[in-house]
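4 protein chains.
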Amino acid sequence: MIKAGVVGGTGYTGVELLRLLAQHPQVSLQCITSRKEAGLAVAEMFPSLRGRVDLAFSDPATASLERCDLVFFATPNGVAMEQTPALIEAGVRVIDLAADFRLREVAVWEQWYGMRHACPQLLPSAVYGLPEVNRQAIRAARLVANPGCYPTAVQLGLLPLVEQHLVDLSHLIADAKSGVSGAGRKAEVHSLYSEAADNFKAYGVPGHRHLPEITQGLSVAAREPVGLTFVPHLTPLIRGIHATLYARLKDPGIDLQALYEARYADEPFVDVMPPGSHPETRSVRAANVCRIAVHRPQGGDTAVVLAVEDNLVKGAAGQAIQNMNLMFGLPETTGLTQLPVLP
Amino acid sequence: MIKAGVVGGTGYTGVELLRLLAQHPQVSLQCITSRKEAGLAVAEMFPSLRGRVDLAFSDPATASLERCDLVFFATPNGVAMEQTPALIEAGVRVIDLAADFRLREVAVWEQWYGMRHACPQLLPSAVYGLPEVNRQAIRAARLVANPGCYPTAVQLGLLPLVEQHLVDLSHLIADAKSGVSGAGRKAEVHSLYSEAADNFKAYGVPGHRHLPEITQGLSVAAREPVGLTFVPHLTPLIRGIHATLYARLKDPGIDLQALYEARYADEPFVDVMPPGSHPETRSVRAANVCRIAVHRPQGGDTAVVLAVEDNLVKGAAGQAIQNMNLMFGLPETTGLTQLPVLP
Amino acid sequence: MIKAGVVGGTGYTGVELLRLLAQHPQVSLQCITSRKEAGLAVAEMFPSLRGRVDLAFSDPATASLERCDLVFFATPNGVAMEQTPALIEAGVRVIDLAADFRLREVAVWEQWYGMRHACPQLLPSAVYGLPEVNRQAIRAARLVANPGCYPTAVQLGLLPLVEQHLVDLSHLIADAKSGVSGAGRKAEVHSLYSEAADNFKAYGVPGHRHLPEITQGLSVAAREPVGLTFVPHLTPLIRGIHATLYARLKDPGIDLQALYEARYADEPFVDVMPPGSHPETRSVRAANVCRIAVHRPQGGDTAVVLAVEDNLVKGAAGQAIQNMNLMFGLPETTGLTQLPVLP
Amino acid sequence: MIKAGVVGGTGYTGVELLRLLAQHPQVSLQCITSRKEAGLAVAEMFPSLRGRVDLAFSDPATASLERCDLVFFATPNGVAMEQTPALIEAGVRVIDLAADFRLREVAVWEQWYGMRHACPQLLPSAVYGLPEVNRQAIRAARLVANPGCYPTAVQLGLLPLVEQHLVDLSHLIADAKSGVSGAGRKAEVHSLYSEAADNFKAYGVPGHRHLPEITQGLSVAAREPVGLTFVPHLTPLIRGIHATLYARLKDPGIDLQALYEARYADEPFVDVMPPGSHPETRSVRAANVCRIAVHRPQGGDTAVVLAVEDNLVKGAAGQAIQNMNLMFGLPETTGLTQLPVLP
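This is the structure we're talking about:
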């Protein structure tokens, strides 16, 4: 049994992690910390866990995280980087679901996240936790930077085209739509029901923090810099991301379907749908899978890739557990076989 | 392994049954019938089942249902009663998720359902599948009438009061609210997104088919006729029922909390919440549980009971599997341990 | 032209008031105050008002509200009572959309609202602004307490029964459901989209602030104390309240339909629907109307009244303008003729 | 007063037309036809119109449409083309809200709409009713083809770039998102609440009927053929379209904000928002306006245009009334001054 701790269990990625960990056959949940809610039974805040998670939130100061085999950080950006060095030092492995270890270059990170990085020395050894790209490195990692929700969908959707230089790499477009849980469980006016329901809008068009993460990943895959226009939108879903991706094909004659099927043939959590498909976000609701369909409208030279995921699962907590399974030598699908909830 | 068949797998209770059966460790799914969709891969209609349900819909005429150990009917009212006699004859056990076998009296059934009953001779041996009331009978049953969604929530909410005659039995009130999936997957204008979203209404106030089912169950529990005003409402949820129940206490001094906790102490799928609670439908989303809280506002003589369930799970497919587990001697919770999906 | 000011224009009742006032032919909007947003163009916060409301939020300290003919308070409870005495003194009329002047008894108010009342001396002259009850008094009022959203729907729904003592006055039941905008535009976790969407729950069952307001109004109508069980629920609507009201009839033979039609025959904003109707909240969306239907299920002695309103219009801003029209001698429907938005 | 008739008043564009016409000061509504609902009071089907629209649906065969000054067709594609020749002959003006007269070339129309055109001879005189392009022609028109919902938003968003050849005209991208009312009030499974709520998907990627309409309009504006990739999506809104438009700038140094402000300076129903804006669909809910914002992310050569409209108003019924105002010499904004409903 893996002794696991969760730092910051009061947000949506936190409670989703608890839902999945509580059903994982090889995990023993040791502690869930929350400075603000210390002492409160977890199931009192999240009645969905009644009878299944008996822990109370514990104070981070006294949580003895160093006795865990693995600690998940489901905290705001900037928290994990403060505590990770001591944990790594103590032999604990760490998966950060926030952004602290996602970018290779400290200067870029500090520019986009607006703070000083607390442990730049750990960045070189942090592994970007996208198993479909870094499976071997994740197996050996002591520190995994779990990818962002948008970056997971956009990278999985574009990788087959980018890795083989089949498209104009300087003008990729990612038009992405996210459910509101992606904004977290913070009390903010723009996330209120009466603001976000029956409403649709773009946001962050001038620049979103996931942009450098995506371009970093795609540039590594392409072995050269790529140019990406990334436009995120907020849509009235609780869960779900839909990425609509546009790229100009160098050779319009290519068999996109075969390309994608071959690339993801052995991936347990990427589903390339049949030709002509339009994946729906609900088809992955609450499950750890990214479904992809590829189109070439009117037989032109523009590839249109549609990719969906549950932002809290394959885009966060599920992928974190997938990474945990790899790090601890378990079958990659352990504890991740729940079927999507539809309708 | 239980060899199970599903008749009518294209509706919401059907696909929910498939989701749960596909994850059940003791079930081997033999066939799923649909006259209209025969030949279509189930996963093509419901991509959420891709890779997990490999069957295609089969024609009812050629489905060899008699080779199953158990057949679930997830069909419109009136279908199960046509096919059940032959199956029972062939030694197959049957769970009907529709209403064909729920009412004891043929005349009442025919009045509310507007058709002639095809096999009244089976009614006496049909067991009403509410395990919290009929557990022993279900274990021995060959034919189980799975309760309706409203009746499950309303009965579980009122039983402790009614069984012991603690309230005015002639003036019970059930104000119930249901998500739209309760109306099924039929193409009807009133169930359209643009009709049901951002809208709330009562319906069927003059009389709803679940009324005789509820009064039958409560009258059995009370061992005398009860009087119930039942007002169902449609609310913009996909899944979920919330029943708000009102009853006048004969003795306002009674400890309602203790009463309910005692009644349901050994029930794996009924959760009596702590005093002062307000159960939310999402706290049971996609899981087989009914959560209940009891109140006595301003210390008066009116008991207010709040009961929530997922209409497709504890209100339909989950309860059907709970019944199956009982009928086949399995632990009652087998295959029903999924945690609710929140948010 | 009525020179009108709005104190607290950043909440939902505030912006709704602005929407309606901007379209009112007899109102000249003088100022909209907000301590926090002073200087910000109103249309920058609410782009729906672009080109139609050119004012910026002004600092309450310098707003010269005393130059207005009328000031609306769309503020949290406790603000209006601080500023109203000086305005009244200066000859300005006041409509408070919050609760400061709704309860006759200071002690009751202070108990439910948890603060000391700042101007109890004004309570006797404050008129409760439900035109269907107090039309004449409103015409002459200098200070109007605009009713709460729930109290408007519940009182309009029960008045015909209560005024004539046709029901058991000691055991009235109001099962009310509100959209999320009723909770205001404050950033609070329980009002987040991911908390309130696809979810239904009761709240405040032990006691809600609108309870004493409703019982006060109904007791006045009955000329004796009434007993009410009031259970509010939160439902995934932006706007809308649906009250389902239960009362035991003394004489089940009464013609409820005729009773209601007679009571509201001359009311421009109360619509008694045809027998058998089920009013929908969307049928009043964005319009100043309360629609009511009456039922007596199964011919029993329980009356079931269904009443719907838009909580921001007939339940708040629209009713405030209706009151303004009365106070300033305008036709009562002036500026309130917008048709509901459906779908 | 304009004597107006509506053919097909039971769909969403029909009821929206009724809502707006009932509030229009210069229109006298003569008849509303529906073959299926003949005899039914309009307000019985749409209670939002109670007290304001007193007509019943009349049988098309006996409706005497030829006595109207103007007939609106809010019918499925293929109906208007059957009845329009006789009406035009009788001196009645016609606005078709469906697609029968939108495409110039009969062959293209017949290919996309899968039927034979009934009156190709009228196509040359039909005016495409986008006032921002064809205002003069609309004033003189006897037959107006009201634009589709997507085409309105996409064309208004791209026109300034296309008219002046400022972008690569062969690779325009329109990623558009529509609320579910755009699919009409037909009873179809994919439009059910439980299918469309909490779900997001693309559809029609291989080809959507609005594609030829948009390319026709943009090609006229460009005076040369344009190439467009158009991907529509369904999002859980009742009303609203959000178009996210991508085009590669020939000269990245151009002042996009100034370009758009100049192009739409005199347009009463196009609102160019301040730099950096992200228009929300709710900011135009129930109002006849298209709001646009322009971006050039990271200072690159990709222009990103965001355009929102209410698909039932500026995308259908509101625009039809705008066209009517032009055709009858009224001020263009008559009857169209309702403020958007927010929240």
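Residue numbers (my numbering), protein chains in the order written: chain A, 160 to 502; chain B, 160 to 502; chain C, 160 to 502; chain D, 160 to 502. No residue lacks a Cβ here, since even glycine has one placed at the ideal position from N, Cα and C. All figures in this text were calculated on a predicted structure; none of them were measured in a lab.
Minimum Cα-Cα distance from residue 354 (chain B) among the listed residues D:231, D:162, D:398 corresponds to D:398. For residue 304 (chain D), the uninterrupted beta strand (DSSP E) run begins and ends at 302-304, by DSSP. Per the Cβ contact rule, the stretch 339-358 of chain D is in contact with the stretch 344-352 of chain B (3 or more Cβ pairs under 8 Å). In chain order, 502 make up the part of chain C whose C-beta sits under 8 Å from the C-beta of residue 397 (chain D). Secondary structure of residue 378 (chain B) (DSSP, three-state): helix. Distance between residue 379 (chain D) and residue 332 (chain A), taken at the CA atoms: about 27 Å. Around the beta carbon of residue 329 (chain D), fewer than 16 other beta carbons sit within 10 angstroms, so the residue counts as exposed. Taking all protein chains in view, the Cβ of residue 478 (chain B) is crowded by 16 or more other Cβ atoms within 10 Å, so the residue is classified as buried. Within the model, the alpha-carbon separation for residue 363 (chain A) versus residue 392 (chain D) is close to 20 Å. Where residue 353 (chain C) is concerned, the enclosing alpha helix (DSSP H) starts and stops at 352-355.
Here residue 207 (chain D) is near residue 501 (chain C), since their CB atoms are less than 9 Å apart. Using a Cβ-Cβ cut-off of 9 Å, residue 332 (chain B) counts as an interface residue toward chain C, since at least one Cβ of chain C sits closer than that to its own. Taking C-beta atoms as the reference points, residue 335 (chain D) and residue 406 (chain D) fail to come closer than 9 Å. At a cut-off of 9 Å between beta-carbon atoms, residue 344 (chain B) makes contact with chain D.
For residue 480 (chain C), the enclosing alpha helix (DSSP H) covers residues 477-486.
Setting aside the 5 residues that flank it on each side, residue 246 (chain C) is surrounded in the same chain by 224, 225, 230, 253, each with a C-beta closer than 7 Å to its C-beta; the list follows chain order. In the structure shown, residue 391 (chain D) falls within a strand segment according to DSSP collapsed to helix, strand and coil.
Going by C-alpha positions, residue 452 (chain C) is about 7 Å away from residue 438 (chain C). The Cβ neighbour count for residue 280 (chain A), taken over all protein chains shown within 10 Å, is under 16; the residue is labelled exposed. When the beta-carbon positions are compared, residue 459 (chain D) and residue 386 (chain A) come within less than 9 Å of each other.
Residue 420 (chain B) is outside the set of residues whose beta carbon lies under 9 Å from a beta carbon in chain A. Residue 464 (chain C) and residue 326 (chain C) have their C-alpha atoms some 12 Å from each other.
Residue 210 (chain B) sits exposed, since fewer than 16 C-beta atoms from the chains shown fall within 10 Å of its C-beta. Taking a contact to require three or more Cβ pairs closer than 8 Å, the stretch 485-493 of chain B and the stretch 178-185 of chain B qualify as touching. Those residues of the stretch 352-372 of chain A placed with their C-beta closer than 7 Å to a C-beta in chain D are 353, 354, 357, 358, 359, 360, 361, 362, 364, 365, 366, ordered along the chain.
At the C-beta level, residue 282 (chain D) and residue 339 (chain D) stay beyond 9 Å of one another.
Among the CB atoms of chain B, one or more fall inside 9 Å of the CB of residue 350 (chain D). Cα atoms of residue 388 (chain D) and residue 382 (chain D): separation of roughly 19 Å, rounded to the nearest angstrom.
Closest in C-alpha terms to residue 167 (chain A), from the list A:194, A:178, A:179, comes A:194. Below 8 Å, enough C-beta pairs join the stretch 468-487 of chain A and the stretch 297-313 of chain A to call them touching: three or more. Taken through DSSP and simplified to helix, strand or coil, residue 285 (chain D) comes out as coil. Distances from the alpha-carbon of residue 239 (chain B) to those of B:371, B:177, B:285, B:357 put B:285 closest.
In terms of CA proximity to residue 236 (chain D), D:269 leads the group D:204, D:269, D:314, D:359. Looking only at D:358, D:197, D:370, D:414, the smallest Cα-Cα distance to residue 394 (chain D) is reached by D:358. As for any beta strand (DSSP E) of minimum length 3 sitting wholly inside the stretch 167-218 of chain A, the runs are 186-192, ordered along the chain.
Take the alpha-carbon of residue 257 (chain A) and the one of residue 400 (chain A): they are about 17 Å apart.
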